[in-house]
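Single-structure report; data block below.
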Amino acid sequence: MSVLALLIPTSIGLGLLGLAAFLWSMRSGQYDDLRGSAERVLDSDDEPLPARAEEKGE
Amino acid sequence: MSCSDVSPEGTLPSTVAARFRRAERIERVQGGTDGRGHCRLSVPSISCGKCIGAVERALADCEGVVAARANLTLRQVAITLRDPETDPLPALEKLQARGYPATLLDPAAPADATDSGVASSLLRSVAVAGFGAANIMLLSVSVWAGAEGSARQVFHIVSALIALPVVAYSGRPFFGSALRALKAGRLNMDVPISLGVLLATGLSVFETAMNGRHVFFDAAVVLLFFLLVGRYLDQLMRAKARSAVTSLSRLAARGAMRELPDGTTTYLTLDQLQPDMVLRIAPGERIPVDGCILDGTTDLDRSLVTGEHAPVPAGPNAPVEAGILNLTGAIRMRVIRPAESSFLAEVSRMLAAAEQGRGVYVRIADRAARLYAPVVHLLAALTLVGWVLATGRWYESIFIAISVLIITCPCALGLAVPVVHVAAAGRLFREGIMMKDGSALERLATIDTAVFDKTGTITTGTPVLTGGGPVSPEERAIASALASRSLHPASRAVALGIPASPVAIEQLRETPGCGVEAVVGGRRARLGRPDWVAEIVTGHRTADSTAGSGPAFALESGPLSTFTIAETLRDGTVEAVAAFRAAGMRVELLSGDGKEAAQTIARDIPFDRVAWGATPAQKIARLEELRAEGRHVLMVGDGLNDTAALAAAHVSMAPGSASDAGRLAADFVFTRDSLDAVTGAYRIARRAETLVRQNFGLAILYNCIAIPLAVAGYVTPLLAAIAMSTSSIVVVANSIRPERQPTFRFANHPAQETAG
């Protein structure tokens, strides 16, 4: 049963890690525009969108 | 194609620049800590991934814009400007040119800041409860699988260590709401929920300390998790509807150009306007406060204020109320009343009074809680007494009584209403109907009378050309060219009705109250009031004043021809009225417009009653009358004159083209062009009501099985976990069950909103 002393803290630690990751992603605004993020993946341009240099592309 | 001489009165103001003055724009740019200016634009036509790219690329090389990020969910664009003093006009114009009309959002507007704060704190609670639920469930499964002795004790202690902070953190929304309800002497659904969660946690902590067999940590935390998910979805739905409604905001005048004694002008916001100031109002602007015209003549569109559909000519000394749209001429006006006592403010006072008169509507869930909570608590008390009398053992009796409370904790009841409403709101939203909150849906399901306003509601508010006019293509082209230079609704109808072709126009002049005049190929041409147009045909004004019929057109000493202009019914109006009547409802028309206009419209539609010339107070009086008859009235209207009636009715709907105040007062706002929005929303509301009733049935069925087991003392934590989760899942599954038959006959073409 001594293995439990290792396993339980590990499982809870991993859970906390997941929770922390979720809270971080929430704070950094990744849930603000779920539909937009889904669509952005399909944007074929590889350059970052608001690049001031690309004027002629349109 | 030349407009060699365009007088200032005749120019169409550039749409973007006219809607926002520079000072007003800059006021909406906020300085950030990085020294940049930040502002948000509402861009309702962002609707797909391509739009994001198009919008952001358009803004990338725009003057003054450092960065732009489009948000597809909210249909907004966040823009970073070079500094807080940068004018965002180039960005607005660029978007307009690309086909994405944008409006600048007011950062001080009824903040969705607090709103998104609530949403993200709920989401954090969901995350914490989810973490707790998953981990405690893991430990509980080990216990149910047969962990004994010290291992079980360790599992219980670890569960307690996780559960206590989780319950304390994630339970706050419920505890807070339950406390508020109890303080107010009411019972809501959160009271039994809080009690159940707290007792389950408390009992389990005691059991853990006593080295007991049964703990309910998992039940308490999983319950919180499910309920928080429901509540978060509910919050999300409302936030989405609200942001959609604000995006429709039609920039009612929030300020005006004041003319100083020395003749210069300066921009003042609405609350800085004082009596006796002189304001300049350009064509296409709304009157900001009550006042009277000093000089200048114009036509006024009073449709949002009074419901009249035809513009009224006005000259010096004519009184003007806040909210009126100035159509054709530039005017100078003197302020009579400051903004807080203007017509608009009067409307909001009536609004407040009307809302109080509506009486308190008690939500279905709260009505259920009022019945449910006392029954359950009484049952638990009786169980305790019964077991004490039967066995004499206090400890076991208390344990069983608490397990009754835990198992009856209304998880399914808590989810029964919000999940249905979220699903219904999603369907409505896809069809272009925004619902303010769930109680509106419940109220809509109970209506037995529908009252419609005319202008802007049953009719589209924009007249269209139905026929008439000159025969020769050249003359038609000239008429169209003249019409396209004017903001007057009749002119717009003519301009839209005849395909534009280039015509050389000189000396264009618009005479408010009469029409447009220009010189074409050396001959004078006029479009406007028949008697005024007749002047250039016969040389003198005819006595025959047929004002009210359509505009006339003539070339100098040529024949005179008259256009026919009619208000257009919204698509689906006849069907909607017929459908309501078929459902046994009473349908009335309650218009602020004149008798003739109301009766013309009502001729083809089988209303039960048609009333015209109604003032806002008379509208409320009529609604009061209907309520006194015991009827539940749905009010559909759009104008400022309907605002108080919208608030006084049992439930109300407004089209997206309604006045700001009307939209705020209405429970539903629809952006569909067709009036089947009203019947469609009603059908969805009825179905939602059925589903809620079914869910209550399921929850009661669950209790009928679970309570006897609990009272008899057979409930173990495992049984509680299975029973409670199953009941919640069954209720959720029933709520999101798709419907087979389609609700809407017309496809959804959201009305393109342009500020007016």
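So the protein lines, in turn, are chains A and B. Residues in the first sequence are numbered consecutively from 3, following our numbering. Residues in the second sequence are numbered consecutively from -12, following our numbering. Quick reminder that beta carbons are idealized off the backbone N, C-alpha and C, glycines included.
Asked: Per-residue contacts from B/Phe203 into chain A (C-beta, under 7 Å); Found: None at all; the shortest Cβ gap to chain A is about 20 Å.
Asked: B/Phe118 at chain A interface by Cβ criterion, 7 Å; Found: yes
Asked: C-beta atoms of B/Phe142 and B/Val130 nearer than 7 Å; Found: yes
Asked: Residues bridged to B/Met640 [DSSP beta-bridge criterion]; Found: B/Val623, B/Phe655
Asked: Any 3 or more C-beta pairs closer than 8 Å across the region 413 to 429 of chain B and the region 549 to 560 of chain B; Found: no
Asked: Contacts that B/Leu59 makes with chain A (C-beta to C-beta distance below 8 Å); Found: Asp35, Arg37, Gly38, Glu41
Asked: Environment of B/Met197 [buried if 16+ CB atoms lie within 10 Å]; Found: exposed
Asked: Spatially closest choice to B/Ser581 from B/Ser290, B/Thr284, B/Leu260, B/Asp177, by CA coordinates; Found: With the sequence shown as reference, residue 581 of chain B is identified as Gly, and Ser is not the correct amino acid for it. Ranking the options by Cα distance to B/Gly581, first place goes to B/Ser290.
Asked: Separation of B/Phe204 from B/Ser384, as counted between CA atoms; Found: 20 Å
Asked: Backbone CA spacing between B/Phe567 and B/Asp647 [nearest angstrom]; Found: 27 Å
Asked: Separation of B/Leu613 from B/Leu705, as counted between CA atoms; Found: 55 Å
Asked: DSSP bridge partner residues for B/Gln63 (one or two, in chain order); Found: B/Ser29, B/Asn58
Asked: 8 Å contact criterion, which B/Glu562 and B/Asp663 should meet: CB distance rounded; Found: 7 Å
Asked: B/Val503 classed as buried or exposed, judged by whether at least 16 other C-beta atoms fall within 10 angstroms; Found: buried
Asked: Below-7 Å beta-carbon distance, B/Val145 vs any chain A residue; Found: yes
Asked: Inter-residue Cα distance where the pair is B/Ser478 and B/Ala598; Found: 29 Å
Asked: According to DSSP, residues forming a beta bridge with B/Ile268; Found: B/Ile318
Asked: 7 Å Cβ cutoff met for B/Gly283 and B/Arg319; Found: yes
Asked: Buried or exposed by the 16-neighbour rule on C-beta atoms within 10 Å, applied to B/Arg724; Found: exposed
Asked: Beta-bridge pairing of B/Asp286 - partner residues as DSSP gives them; Found: B/Pro300
Asked: Cβ of A/Gly71 within 7 Å of any chain B Cβ; Found: No answer is possible for residue 71 of chain A: the residues shown for chain A start at 3 and end at 60.
Asked: Of the listed residues B/Leu76, B/Ala106, B/Gly684, nearest to B/Leu223 (C-alpha basis); Found: B/Ala106
Asked: Spatial distance of B/Asp277 from B/Gly456 (CA atoms); Found: 38 Å
Asked: Reduced DSSP category for B/Val53 - H, G, I as helix; E, B as strand; rest coil; Found: strand
Asked: Candidates B/Val506, B/Glu462, B/Val30, B/Glu493: closest to B/Ala482 by CA position; Found: B/Glu462
Asked: At least 3 beta-carbon pairs within less than 8 Å: the region 11 to 18 of chain A vs the region 43 to 50 of chain B; Found: no
Asked: Beta carbon proximity, A/Leu9 to chain B, threshold 7 Å; Found: no
Asked: Own chain residues within Cβ distance below 7 Å of B/Pro306, not counting five before or after; Found: Cys279
Asked: Anticipated Cβ contact below 8 Å, B/His637 with B/Ile445, distance rounded; Found: Actually they are not in contact, since the Cβ atoms of B/His637 and B/Ile445 sit about 20 Å apart, beyond 8 Å.
Asked: Listed by chain order, chain A residues near B/Asp39 by CB distance under 7 Å; Found: Looking at the sequence shown, residue 39 of chain B is not Asp but Ile. Those within 7 Å of B/Ile39 in chain A are Gly38, Glu41, Arg42.
Asked: Cα-Cα separation between B/Leu469 and B/Leu287, rounded to whole angstroms; Found: 20 Å
Asked: B/Ser181, buried or exposed, once every other Cβ within 10 Å from all chains shown has been counted against 16; Found: buried
Asked: Status (buried if at least 16 other CB within 10 Å, exposed otherwise) for B/Ala720; Found: exposed
Asked: Of the listed residues B/Pro75, B/Ala114, B/Leu28, nearest to B/Arg56 (C-alpha basis); Found: B/Leu28
Asked: Length of the line joining the Cα atoms of B/Arg472 and B/Asn313; Found: 15 Å
Asked: Host alpha helix (DSSP H) of B/Thr713 (start-end); Found: 704 to 722
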